[in-house]
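Remarks on the structure that follows.
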Amino acid sequence: MLQSSRRVPGLAAVLGPALALGWLAGACASPRPPSPAPSPAAPAAPEISQAVPAPDECAFRPAGPAGGDTVRVIAGREFPGRQLYETLVRRDCAGLERPGLAETWSSADGGRNWAFVLRPARFWDGTPVTAGAVVSGWTADSAASALLKQAGIIFATAGSDGALHLLLAVPHDSAPAALGDPRLAVVRRVPDTPWPIGTGPYRLPESDPDPATLEPVEGGRPVRLLAPPRDLRDAMDAGADIIVTDDPGTLAYAAQRPGYTSVPLPWNRTYALVLATAADSAAVVAPGFRDALARDAVRVDARAAAGASAPPTCSATPPASSPPARTTARIAYSAADATARDLAARLAALGVAGARAILPLDRDALVSSLRAGREAAYVLALPRTLALCQDLVVPAGGVVLRLVDTRAHALVRQGAPPLTVDWDGGLRLLPEAP
Amino acid sequence: MTFRTRLFLAFLAVLLIPLGVLAFGVRREVNRRLTAEYDRRVRALAGVIEDDLRRQSGDVAGRLAALRDQLAAENRFRLAAVQDDPAARGWLLDYAGGAMRLAGLALLQVQDSAGRILSSGQFRNEFDREEPALPAFLAAARDSVALVRVRTAETGLLALARLDSLRVGGRPFTLVGGAALDPARLARADSAGGLAVSLLLPGGDTLRAAASEVVAEIGVPYLDLSREGAPAADTARVVVTQSLAPLDALRRSVDAWFLAALGLTAAAAVLAAAWLSRRIGEPLAELARKTETIDLDRLDADFATDRRDEVGALSRLLGEMTGRLRQSTVRLREAERRATLGDVARQVNHDVKNGLAPIRHVLRHLSRVAAEEPASLPAVFEERRGTLESSVLYLETLARNYARLTPPIERRACDVNAVVRELARMAESRAPLRLELAPDLPAVTGDELAIRRVLENLVGNAADGLDGRPGGTVTIATAAERDRAGTVVRVSVADNGRGMTRAELDQAFDDFYTTKEGGTGLGLTIVRRLIQDLGGRLRVETEPGAGTRVIVELPERSPS
Chain L
0 MLQSSRRVPG LAAVLGPALA LGWLAGACAS PRPPSPAPSP AAPAAPEISQ AVPAPDECAF
60 RPAGPAGGDT VRVIAGREFP GRQLYETLVR RDCAGLERPG LAETWSSADG GRNWAFVLRP
120 ARFWDGTPVT AGAVVSGWTA DSAASALLKQ AGIIFATAGS DGALHLLLAV PHDSAPAALG
180 DPRLAVVRRV PDTPWPIGTG PYRLPESDPD PATLEPVEGG RPVRLLAPPR DLRDAMDAGA
240 DIIVTDDPGT LAYAAQRPGY TSVPLPWNRT YALVLATAAD SAAVVAPGFR DALARDAVRV
300 DARAAAGASA PPTCSATPPA SSPPARTTAR IAYSAADATA RDLAARLAAL GVAGARAILP
360 LDRDALVSSL RAGREAAYVL ALPRTLALCQ DLVVPAGGVV LRLVDTRAHA LVRQGAPPLT
420 VDWDGGLRLL PEAP
Chain U
0 MTFRTRLFLA FLAVLLIPLG VLAFGVRREV NRRLTAEYDR RVRALAGVIE DDLRRQSGDV
60 AGRLAALRDQ LAAENRFRLA AVQDDPAARG WLLDYAGGAM RLAGLALLQV QDSAGRILSS
120 GQFRNEFDRE EPALPAFLAA ARDSVALVRV RTAETGLLAL ARLDSLRVGG RPFTLVGGAA
180 LDPARLARAD SAGGLAVSLL LPGGDTLRAA ASEVVAEIGV PYLDLSREGA PAADTARVVV
240 TQSLAPLDAL RRSVDAWFLA ALGLTAAAAV LAAAWLSRRI GEPLAELARK TETIDLDRLD
300 ADFATDRRDE VGALSRLLGE MTGRLRQSTV RLREAERRAT LGDVARQVNH DVKNGLAPIR
360 HVLRHLSRVA AEEPASLPAV FEERRGTLES SVLYLETLAR NYARLTPPIE RRACDVNAVV
420 RELARMAESR APLRLELAPD LPAVTGDELA IRRVLENLVG NAADGLDGRP GGTVTIATAA
480 ERDRAGTVVR VSVADNGRGM TRAELDQAFD DFYTTKEGGT GLGLTIVRRL IQDLGGRLRV
540 ETEPGAGTRV IVELPERSPS
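So this is what it looks like as structure tokens:
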């Protein structure tokens with residue numbers, strides 16, 4: 000059972016710092032509440048079956064022979080979880096569902112009942128992975144249960160055929176994608192052990208409850224998790240194998256190091272602007288404005304916010320009462336986020352929402368201020384998959400506009416293990432060739 | 000106003016007026032010196048501030064010149080600013096921030112000829128904004144110190160700014176650089192000694208310290224770009240203020256010490272004046288009191304004193320004068336007595352004649368009867384006998400009364416104890432007597448009869464004063480005492496009778512004053528005159544209800 004983000008940092012922090020504002024969302028990320036996929040008027044429900052997966056274009060295989068006895072990684076808190084635990088379905092960097100612990104899946108009634116056939120697999124301790132174990136793990140974890148409910152999955156059970164059966168409230172084809180959420184990873188809780196047991200290719204050393212090293216389950220090099228130095232270029236100079244960063248200086252240095260390859264990760268973060276009123280949004284929605292922001296205002300890899308599922312603007316409920324009086328129009332942002340500061344500064348320089356200054360706030364102060372609508376505008380960093388207008392709690396009458404998407408890069412050294420990238424930017428190490 | 004009061008006030012004035020003048024003078028001198036010292040420090044501080052601002056401004060200009068040269072040689076700047084190369088644009092946007100920190104500046108802007116910001120160090124993302132007012136303002140200020148408030152992302156930045164320019168690819172560009180001016184640093188320039196430095200910006204705060212005085216002011220050209228609207232050049236003021244609190248505290252301290260000194264001196268002056276005025280005034284008052292009692296009948300006041308000062312001399316002079324008056328009074332009284340003796344003789348002659356006339360008539364009548372009618376002589380004698388007896392009685396009374404008025408005074412050695420014993424034998428019947436006679440009492444010069452008359456009167460008065468109360472006793476005591484004038488024989492007659500009130504005592508020596516029925520009112524008058532004639536003194540001590548003691552002092556008989 001997944002009990003806490005502290006004990007399972009890789010899973011709970013999968014969305015990174017953006018989850019610091021997770022309270023803003025009614026649901027932080029997918030799975031989304033289902034909407035009827037097929038027309039209710041259809042005479043017969045179509046059968047949905049797993050598509051044949053294309054070759055994994057998200058995989059990257061560094062050139063050169065394996066170097067060193069260990070793999071040294073600086074990749075954030077979510078990295079270990081991806082190596083320790085598996086989900087039934089994996090979503091790759093393009094958003095395609097690929098087999099995880101589930102080998103195949105299908106729905107015979109157009110997406111209401113789903114059957115997931117598990118591949119033969121065992122937990123680290125040798126216990127075989129069964130549909131019952133999967134259901135038991137989910138049932139014991141209130142967070143997992145909530146996620147399933149949010150995804151419209153009202154019932155999960157182990158079938159007599161050994162498959163895992165899911166029942167959705169309404170037919171939908173998103174059930175496999177929903178199971179790709181790392182928080183629905185398959186685990187087995189053992190009493191008196193600090194970490195749940197997983198099925199991933201790596202395991203935690205039993206002697207170290209706060210691991211800095213991941214041990215391979217079946218073979219390969221152990222993974223050493225390094226603490227990031229003040230300057231990541233020092234880590235490159237020290238021979239780190241994998242570094243995940245969006246720091247432009249580090250990326251520029253890597254570009255000049257022939258031994259490193261910069262792998263762009265998915266656009267996983269959106270910077271959004273929360274305005275007190277829609278009237279303030281005129282400049283932001285002007286053509287080319289976001290492109291200019293992404294090009295000149297921020298110093299990380301950025302693009303104008305895009306995405307078919309993400310409308311450029313959305314507006315909250317009109318205010319029931321007038322907003323609080325402000326002496327100085329300011330744009331607030333998280334004091335720990337340099338990109339948010341750059342965006343807020345550019346918007347203030349342009350006088351967006353009448354603001355002439357920016358205001359750094361810590362997390363709690365930012366939350367409190369946004370709820371009260373004390374400032375003229377807010378720049379927030381959010382998971383790109385967040386449905387702003389639906390999930391984000393904004394001040395009454397406020398407007399939310401996506402500004403730019405940003406992404407990090409994985410700097411992979413020659414001789415590092417092959418890896419693949421999940422839909423949310425998470426890295427998974429692949430087995431090394433013998 | 001009494002002499003003593005005037006003396007007191009004079010002492011006060013002599014002590015307090017010089018002290019007040021001293022306090023005023025010292026306070027004035029302290030103020031003058033403090034003010035001069037403050038002026039010197041203010042001038043020095045103002046000079047330091049001006050030099051510091053000028054030095055900072057020059058320092059900015061030097062750094063800006065170095066950046067200008069470096070930027071002119073930088074190809075990426077040429078690509079971005081002249082060739083509009085998008086690849087170099089990012090470098091240019093970040094240029095000012097890095098160069099500003101490297102040069103130790105707080106403000107750095109690169110602008111094109113239209114005033115468009117190409118790169119900003121203090122506000123990276125204000126690029127492309129047009130701000131031509133800033134270089135125009137600094138160009139007008141030329142090389143002098145200029146103060147600007149520019150925008151940053153979070154808030155405004157106050158800086159000492161300078162302007163520089165360069166040409167690249169034939170296009171002019173301007174560089175604006177500045178060092179942050181911290182008003183708090185200015186305020187720390189001199190926090191001691193009551194001086195304070197503050198920067199007053201147009202539209203900003205006014206001086207808050209009410210007890211401060213502006214003592215120096217330095218004007219600096221100022222442009223505020225942080226406010227909305229078109230910026231306008233103005234003047235900021237670096238103000239040196241002097242807090243009056245330390246000076247006031249010093250003045251209060253000086254005043255307090257002087258007041259304390261004044262108070263102590265005043266108290267000492269009051270005490271000294273009171274002591275001195277008492278020391279001088281009391282003997283004078285005593286002399287006045289003694290002098291007040293002097294009249295021709297009371298010249299026995301004692302002016303003897305040991306003082307060697309003027310008061311003692313005056314007292315002795317008064318004593319000598321009283322002595323001379325006393326002698327003069329004796330002589331005068333003697334002359335008076337001699338003068339009146341004739342009158343008395345004539346009166347006696349007249350009275351005797353009056354007394355003798357009936358006798359003479361009776362004798363002539365009896366002689367005629369004896370001659371003419373001898374047989375009727377016994378009868379006539381019996382008839383006229385009453386006349387004879389009456390006339391004789393009249394003459395006896397007359398003689399007795401005259402004897403009282405004109406006692407003869409003889410001067411010879413007298414034993415006072417013997418007089419007292421003789422008197423006691425004759426007076427035992429009037430009142431219980433107790434004698435306390437000193438042995439070996441020296442003799443006095445005088446008349447035993449006069450002394451006896453004196454003591455008779457005093458014992459009689461004492462016996463009358465007992466009023467027959469049980470236990471009443473008259474005590475006669477003698478003693479020899481030595482005083483400043485020599486040895487005297489003191490005789491006291493004391494009773495434990497009713498005593499006298501003050502009013503009674505004041506009238507006791509007046510002629511014809513008496514409290515006794517049938518009294519003549521001449522007893523004490525005669526006593527006092529007899530004592531004066533004997534050269535002695537008389538003193539009375541009395542208390543109502545407790546008794547009276549009359550003390551007679553007679554001088555010892557002189558050897559000559």
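Just so you know, the sequences run in chain order L and U.
Per numbering that gives the first Met the number 0, numbering through the first sequence is continuous, rising by one, with the last residue being 433.
Per numbering that gives the first Met the number 0, numbering through the second sequence is continuous, rising by one, with the last residue being 559.
Glycine included, every Cβ here is placed at the ideal spot set by N, Cα and C.
Computed from a predicted structure; not experimentally measured.
Sort 125/L, 154/L, 149/L, 254/L by Cα distance to residue 134/L and report the nearest one. Along the first sequence, one-based indexing puts residue 134/L at 135. Nearest of 125/L, 154/L, 149/L, 254/L to residue 134/L, Cα basis: 154/L.
Can you confirm whether residue 362/L, when its beta carbon is compared against all beta carbons of chain U, has any partner nearer than 8 Å?
Looking up residue 362/L in the first sequence gives position 363. Chain U contact via Cβ: absent.
Taking C-beta to C-beta, are residue 365/U and residue 355/U nearer than 8 Å?
-> Looking up residue 365/U in the second sequence gives position 366. Looking up residue 355/U in the second sequence gives position 356. In this structure, residue 355/U does not lie closer than 8 Å to residue 365/U by Cβ.
Whole angstroms are fine: how far does the CA of residue 141/U sit from the CA of residue 135/U?
Position 136 of the second sequence, counted from the start, is the residue given in the question as residue 135/U. Position 142 of the second sequence, counted from the start, is the residue given in the question as residue 141/U. About 10 Å.
Exercise. Output yes if chain L places a C-beta closer than 8 Å to the C-beta of residue 19/U; else output no.
Key: Mapped onto the second sequence, residue 19/U falls at position 20. Residue 19/U does not count as touching chain L.
Next on the checklist: Using beta carbons (cut-off 8 Å, strictly below), is residue 126/U in contact with chain L?
Outcome noted: Within the second sequence, the letter at position 127 stands for residue 126/U. Closer than 8 Å to some Cβ of chain L, the Cβ of residue 126/U qualifies, so yes.
**Message:** Restricting to runs no shorter than 4 residues, where is the alpha helix (DSSP H) found entirely within the stretch 351–380 of chain L?
**Reply:** 362–371
*For residue 332/L, which residues of its own chain have a beta-carbon under 6 Å away from its beta-carbon, when the five flanking residues on both sides are left out?*
Here residue 332/L corresponds to residue number 333 of the first sequence, with the count starting at 1. 339, 340, 343, 378.
Checklist entry - Can you pull the DSSP bridge partners for residue 112/L? => result Residue 112/L sits at position 113 when you count from the first residue of the first sequence. Note: residue 112/L sits in a beta bridge opposite 166/L.
Requested in this report: Taking a Cβ distance cut-off of 8 Å, strictly less, list which residues of the stretch 152–165 of chain U are near chain L, in chain order.
Outcome: 152, 153, 154
Q.
DSSP has residue 241/L in a bridge; who is on the other side?
A. Translated into positions along the first sequence, residue 241/L becomes position 242. Note: residue 241/L sits in a beta bridge opposite 72/L, 411/L.
Taking just the CA atoms, how far does residue 526/U sit from residue 537/U?
Along the second sequence, read from residue 1 onward, the residue named residue 537/U stands at position 538. Along the second sequence, read from residue 1 onward, the residue named residue 526/U stands at position 527. So the two alpha carbons sit approximately 9 Å from each other.
Quiz prompt | Distance, residue 417/U Cα to residue 481/U Cα | solution = What you label residue 481/U is simply residue 482 of the second sequence in a count that begins at 1. What you label residue 417/U is simply residue 418 of the second sequence in a count that begins at 1. Answer to the nearest angstrom: the Cα atoms are 21 Å apart.
- Inter-stretch contact (C-beta, 8 Å, three-pair minimum) for the stretch 112–132 of chain U and the stretch 94–103 of chain U: yes
CB contact below 8 Å: residue 429/L versus chain U = By 1-based counting over the first sequence, the position of residue 429/L is 430. Residue 429/L does not count as touching chain U.
How should residue 460/U be labelled, buried or exposed, when 16 other C-beta atoms within 10 angstroms of its C-beta is the threshold for buried? In the second sequence, residue 460/U corresponds to position 461, counting from 1. Residue 460/U is buried by the Cβ-count criterion.
task = Write down every uninterrupted run of the beta strand (DSSP E) in the stretch 242–288 of chain L whose length is 3 residues or greater and which is fully enclosed by it, in chain order.
result = 259–263, 268–274
key: Collapsed DSSP secondary structure at residue 434/L in the structure displayed   = Outside the modelled stretch of chain L, which goes from 0 to 433, sits residue 434/L, for which no answer is possible.
ask   = Going by C-alpha distance, which of 351/U, 429/U, 378/U is nearest residue 399/U?
value = As a first step, residue 399/U must be located in the second sequence, where it is residue number 400. Comparing Cα positions, the closest option is 351/U.
Rounded to a whole number of angstroms, what is the C-alpha to C-alpha distance between residue 234/U and residue 86/U?
Along the second sequence, read from residue 1 onward, the residue named residue 234/U stands at position 235. Along the second sequence, read from residue 1 onward, the residue named residue 86/U stands at position 87. Roughly 43 Å separates the two Cα atoms.
Cβ-based neighbour list, residue 421/U, same chain, cut-off 8 Å, excluding 5 preceding and 5 following: Along the second sequence, read from residue 1 onward, the residue named residue 421/U stands at position 422. Excluding sequence neighbours, residue 421/U sits near 451.
Give the single residue among 502/U, 157/U, 212/U whose Cα lies nearest to the Cα of residue 246/U.
The residue given as residue 246/U occupies position 247 in the second sequence. The shortest Cα separation from residue 246/U among 502/U, 157/U, 212/U belongs to 212/U.
| request: May I ask you to report which of helix, strand or coil DSSP gives residue 123/L? | output: As a first step, residue 123/L must be located in the first sequence, where it is residue number 124. In this structure, residue 123/L counts as coil in the three-state DSSP scheme.
For residue 538/U, name the three-state secondary structure that DSSP assigns. As a working mapping, residue 538/U is identified with position 539 in the second sequence. Looking at residue 538/U - three-state DSSP - the assignment turns out to be strand.
Please confirm if residue 122/U has its CB atom under 8 Å from at least one CB of chain L. What you label residue 122/U is simply residue 123 of the second sequence in a count that begins at 1. Chain L contact via Cβ: present.
| task | Output, in chain order, the set of chain U residues within a Cβ distance shorter than 7 Å of residue 357/L. | result | Start at 1 with the first residue of the first sequence, and residue 357/L comes out as number 358. Neighbours of residue 357/L on chain U, chain order: 152, 153.
Distance, Cα to Cα, residue 514/U vs residue 286/U? By one-based count along the second sequence, residue 514/U stands at place 515. By one-based count along the second sequence, residue 286/U stands at place 287. Straight-line Cα distance between these residues: approximately 32 Å.
**Prompt:** Quick one: what does DSSP say residue 468/U is sitting in, helix, strand or coil?
**Reply:** Taking the first residue of the second sequence as 1, we reach residue 468/U at position 469. Coil at residue 468/U, not helix or strand.
For this session: Measure the Cβ-Cβ separation of residue 235/L and residue 410/L and say whether it is below 8 Å.
Result: One-based indexing of the first sequence puts residue 235/L at position 236. One-based indexing of the first sequence puts residue 410/L at position 411. Yes.
If you measure from the CB of residue 108/L, is any heavy atom of the ligand HEM nearer than 7 Å? For the structure depicted, the ligand HEM is absent and the ligand set is empty, with no information on it obtainable.
* Asked: Contact check, residue 137/U vs residue 175/U under 8 Å by CB: the rounded distance?
  -> Position 138 of the second sequence, counting from 1, holds the residue named residue 137/U. Position 176 of the second sequence, counting from 1, holds the residue named residue 175/U. Their Cβ separation, rounded to whole angstroms, is 6 Å, which keeps residue 137/U and residue 175/U in contact under 8 Å.
Next on the checklist: Using beta carbons (cut-off 8 Å, strictly below), is residue 308/L in contact with chain U?
Outcome noted: Here residue 308/L refers to the residue found at position 309 when the first sequence is read from its first residue. The pLDDT assigned to residue 308/L is 43, lower than 50, so where the model puts this residue is not dependable, and the model offers no usable value.
Please list the terminal residues of the continuous beta strand (DSSP E) segment that includes residue 401/L. If you number the first sequence from 1, residue 401/L lands on position 402. It spans 398–405 - the beta strand (DSSP E) in which residue 401/L sits, taken as one unbroken run.
Can you list, in chain order, the stretches of the beta strand (DSSP E) that have 3 or more residues and sit fully within the stretch 438–517 of chain U? 443–445, 473–482, 485–494
Check: Three-state secondary structure (DSSP) at residue 295/L?
Finding: Residue mapping note: residue 295/L aligns to position 296 of the first sequence, counting from 1. Looking at residue 295/L - three-state DSSP - the assignment turns out to be helix.
query = What does residue 154/L pair with, by DSSP beta-bridge criteria?
reply = For the purposes of this step, residue 154/L is identified with residue 155 of the first sequence, where counting begins at 1. According to DSSP, residue 154/L bridges with 166/L.
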